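Visitor:
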Amino acid sequence: DAGVTQSPTHLIKTRGQQVTLRCSPKSGHDTVSWYQQALGQGPQFIFQYYEEEERQRGNFPDRFSGHQFPNYSSELNVNALLLGDSALYLCASRGSTIVYGYTFGSGTRLTVV
Amino acid sequence: SQQGEEDPQALSIQEGENATMNCSYKTSINNLQWYRQNSGRGLVHLILIRSNEREKHSGRLRVTLDTSKKSSSLLITASRAADTASYFCATDAKGGGSNYKLTFGKGTLLTVNP
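Respectively, the protein sequence lines represent chains A and B. For what it's worth, our numbering labels the leading residue of the first sequence as 1, then goes sequentially. For what it's worth, our numbering labels the leading residue of the second sequence as 1001, then goes sequentially.
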């Protein structure tokens, strides 16, 4: 049973560029959330998608945007990259019951130079 | 902002010993969850405890929740070298409807020495 799949695993971008990260949720899951994890910190909630709409958003600027497709997969877009955007970006999915928590992907390590 | 604060930040024990990690949080919650993360990889869900529960067990894990003190503890019994990882508590705060936005602490780094 495939869990959450994220691509790419690693990425190096230059300041000012734009990046798109991709996520396929676990089979049967329809809600996708994105988190940013800086080194040595806990994950910070970016936003959550359900039924192709952004349902909740964390304290992140508009440079961070997303999308959810009819097959529940999702993209995270970051424009005008800053050095401070360097982090591990985690995608998490869940189904209709919260009992089993969220299933996380292995993340995309983004380095901005 | 971080909702939870894990304590201690780092813990080093010998195989076979028990490990206890604590978590404090600030707002009312629907539930509290514990996750494990190995070496900067994805997080693995360990256990969820609802706000109306006080204790929960899963294998070698025991979680307690004290909503009056806004705190939780995770006990790992008979630890193994494979338990070496960072452990995070995450809260699902009340007032967010059913959207289940998780707020994480900074984590406890557990090292189990063989």
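Note that beta-carbon positions come from the ideal geometry of N, C-alpha and C, so glycine has one too. If you're wondering where the values come from, they're calculated on a predicted model, not measured in any experiment.
Since residue 1042 (chain B) meets chain A, which of its residues come closer than 7 Å, beta carbon to beta carbon?
Guide: Ordered by position in chain A, the residues that pass the 7 Å Cβ test against residue 1042 (chain B) are 90, 104, 105, 106 and 107.
Visitor: Tell whether a beta-carbon distance below 9 Å holds between residue 87 (chain A) and residue 36 (chain A).
Guide: In contact: residue 87 (chain A) and residue 36 (chain A) (Cβ atoms closer than 9 Å).
Visitor: In whole angstroms, what separates the C-alpha of residue 101 (chain A) from that of residue 54 (chain A)?
Guide: Answer to the nearest angstrom: the Cα atoms are 20 Å apart.
Visitor: For residue 1111 (chain B), which residues in the same chain have their Cβ closer than 8 Å to its Cβ, ignoring the five residues on either side in sequence?
Guide: Counting only Cβ-Cβ distances below 8 Å, and skipping sequence neighbours, we find 1010, 1011, 1012, 1013 and 1084.
Visitor: Just to confirm the assignment, what range does the beta strand (DSSP E) spanning residue 1088 (chain B) have?
Guide: That run of the beta strand (DSSP E) goes 1085–1093.
Visitor: Hey, how far is the Cα of residue 11 (chain A) from the Cα of residue 1034 (chain B)?
Guide: If I take the Cα positions, the gap works out to 29 Å.
Visitor: What does residue 1033 (chain B) touch in chain A if you count any residue whose Cβ is under 9 Å from its own?
Guide: Correct list: 98, 101 and 102.
Visitor: Please determine if the stretch 93–108 of chain A and the stretch 16–35 of chain A are in contact, where contact requires at least 3 C-beta pairs separated by less than 8 Å.
Guide: Output reads yes: the stretch 16–35 of chain A touches the stretch 93–108 of chain A.
Visitor: Which same chain residues end up closer than 6 Å to residue 72 (chain A) when comparing Cβ atoms and leaving out the 5 residues on each side of it in sequence?
Guide: Once the five neighbours on either side are set aside, the close Cβ partners of residue 72 (chain A) are 25 and 30.
Visitor: From A:98, A:99 and A:77, pick the residue whose C-alpha is nearest to that of residue 21 (chain A); which is it?
Guide: Of A:98, A:99 and A:77, the residue nearest in Cα terms is A:77.
Visitor: May I ask you to report which of helix, strand or coil DSSP gives residue 82 (chain A)?
Guide: It is coil, neither helix nor strand.
Visitor: Cβ closer than 8 Å: which chain B residues qualify as neighbours of residue 148 (chain A)?
Guide: Residue 148 (chain A) lies beyond the stretch modelled for chain A, which goes from 1 to 113, so this question has no answer here.
Visitor: Going by DSSP, what residue range makes up the beta strand (DSSP E) through residue 18 (chain A)?
Guide: Looking at the DSSP string, residue 18 (chain A) is not in any beta strand (DSSP E), and its letter there is neither H nor E.
Visitor: Answer yes if the stretch 50–68 of chain A comes into contact with the stretch 1022–1040 of chain B, meaning at least three C-beta pairs across the two stretches below 8 Å, and no otherwise.
Guide: Cβ pair count under 8 Å is below three, so no.
Visitor: Are any of the Cβ atoms in chain B nearer than 9 Å to that of residue 4 (chain A)?
Guide: Yes - at least one Cβ of chain B is within 9 Å of the one on residue 4 (chain A).
Visitor: Can you tell me the Cα-Cα spacing of residue 1005 (chain B) and residue 1059 (chain B), whole angstroms?
Guide: If I take the Cα positions, the gap works out to 25 Å.
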